[in-house]
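Note that full-length UniProt numbering has the sequence shown beginning at 1, numbered continuously upward.
The block underneath contains the structure these notes are about, expressed in structure tokens.
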Amino acid sequence: MNAAAEQTAVKPAKSRGLRPSWLLFFLAGLVLWALHLAFLPLLYTQFGTESVLLAFVVVALLAWSGGRSAGILFALIGHGITVWVLSSRLGVPLKYALQIPTLLVGLLVAVLAGHLRNLQRTLTRQTRELQGLQAEVQKHRESLERQARVDPLTGIYNRQHFCEVFYVEYMRAVRYGEKLSVALLDVDHFRSLNDQHSHVAGDQVLQDIAHILQSSVREMDVVARYGGGGFVLLLPCTPPEAALQLCNRLLSQVSGHMWAHIDPRMQVTLSGGLCSDLTLGSPEAMLGKSEELLQQAKQDGRNQIKK
């Protein structure tokens, strides 16, 4: 159990401090017995010795409130007072007033009521602990699910999650006749950039590009890291012309970005391939076309988009 779960488990124990002090509880028990004994003569005249069975209810209440030990204590006290009332005030012979079987039953009631009370509190505590553990498990599961969707370096979606979303969007676009564009963008000379400026600098470049892309698209668009120095954009409900304008704007933002905070000599550009042809038949075919166009952009001088 981790620290958070342990803290959750301790909480029920703290609530014990909210119970009345033993002295107040003892006085309350005596008051309850006094009320019972005050009506005992009247009940005795109506029901005879069976009236003392009401004492079992008193014992059960006290045992449930104060625990098994308190129930046993008050069972003994109540029995002693009851014997005194029956023998001295009502004239019942002592051998009948003692009612040893009744005392034993009263003690049994105290033990059972106290035991049930302990079981109930244990169940409540375990329920709270379980709820705390369930909350921790849910939190951990959500964290794992997020990690499974997100690229740890850039903080944007990873390739696996992108492919899952792409499939759904592709099927929706085909079914409802909507436009859909996908673009692959790749950092030009990314391997050389790592060699010249270090891999730490290369990681910073990827993080900056991810921020530029993510902050420049609509909420409905999907930006993901495709691998290495590559990124991929999914643009639902976007015709080819609008998708091309967006990609060219992104390339301009990247090339015009102030890279001096990483290295004053650094220059970064992107090349890309854009595909909006749903008739290719599958998301994989559209990505394949985008990769083909990306290679053409690199061969034709880089820092451009091919469609």
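Even glycine gets a Cβ: it sits at the ideal position worked out from N, Cα and C.
Count the other CB atoms, across all protein chains shown, that sit within 10 Å of the CB of residue i; report buried if there are 16 or more and exposed otherwise.
| i | result |
| --- | --- |
| M286 | buried |
| K289 | buried |
| T279 | exposed |
| E142 | exposed |
| A297 | buried |
| Y176 | exposed |
| L144 | exposed |
| R265 | exposed |
| L104 | exposed |
Pick from the options: whose alpha carbon is nearest that of residue i?
| i | options | result |
| --- | --- | --- |
| L112 | R121, A60, V137, G132 | A60 |
| D186 | Q267, Y226, R149, H197 | Y226 |
| A260 | A201, L76, D277, R121 | A201 |
| G301 | G256, V254, D188 | D188 |
| L250 | Y176, Q120, R265, L233 | L233 |
| G281 | H161, R149, L180 | L180 |
Just the C-alpha distance for residue i and residue j, rounded to the nearest angstrom, thanks.
| i | j | result |
| --- | --- | --- |
| T154 | D203 | 8 angstroms |
| E219 | G256 | 24 angstroms |
| E178 | L184 | 20 angstroms |
| F231 | Q134 | 37 angstroms |
| F190 | K307 | 22 angstroms |
| S65 | L130 | 25 angstroms |
| R16 | R121 | Unreliable positioning characterises R16 in this predicted model, as indicated by a pLDDT of 48, which lies under 50. A coordinate reading is not provided. |
| R68 | Q138 | 38 angstroms |
| D208 | Q304 | 19 angstroms |
| V83 | A38 | 14 angstroms |
| N2 | Q126 | With a pLDDT of 39 at N2, under the threshold of 50, the modelled position of that residue is not reliable, and no figure is offered here. |
| Q299 | N248 | 18 angstroms |
| E284 | G229 | 20 angstroms |
| L73 | G80 | 11 angstroms |
| V165 | D151 | 15 angstroms |
| E140 | I77 | A quick correction: the sequence has His, not Glu, at residue 140. So the alpha carbons of these two residues sit roughly 54 angstroms apart. |
| V174 | F162 | 18 angstroms |
| L119 | R128 | 14 angstroms |
| T238 | H199 | 35 angstroms |
| S252 | G132 | 50 angstroms |
| V268 | V254 | 7 angstroms |
| P270 | Y167 | The sequence shown places Leu at residue 270, rather than the Pro named in the question. If you take the alpha carbons of L270 and Y167, they lie about 25 angstroms apart. |
Taking a contact to mean a Cβ-Cβ separation below 8 angstroms, would you say residue i touches residue j in this structure?
| i | j | result |
| --- | --- | --- |
| A224 | R159 | yes |
| G272 | L246 | no |
| R146 | Y157 | no |
| S216 | P240 | no |
| V205 | L193 | yes |
Counting only the same chain and skipping the five closest in sequence on each side, list residues whose C-beta sits under 7 angstroms from that of residue i.
| i | result |
| --- | --- |
| D263 | H197, A201 |
| A169 | The sequence as given places Glu at residue 169; Ala does not occur at that position. Cβ neighbours of E169 beyond the five flanking positions: L180, L234, P236. |
| L107 | I72, A75 |
| M258 | none |
Residues in its own chain within less than 6 angstroms of residue i by CB, not counting five upstream and five downstream?
| i | result |
| --- | --- |
| L235 | S181, D221, A243 |
| A210 | T154, I156 |
| G114 | A63, G67, R68, G71 |
| R117 | W64 |
Go through its chain and collect everything with a Cβ distance to residue i's Cβ below 8 angstroms, but skip five positions before and after it.
| i | result |
| --- | --- |
| E291 | L184, G273 |
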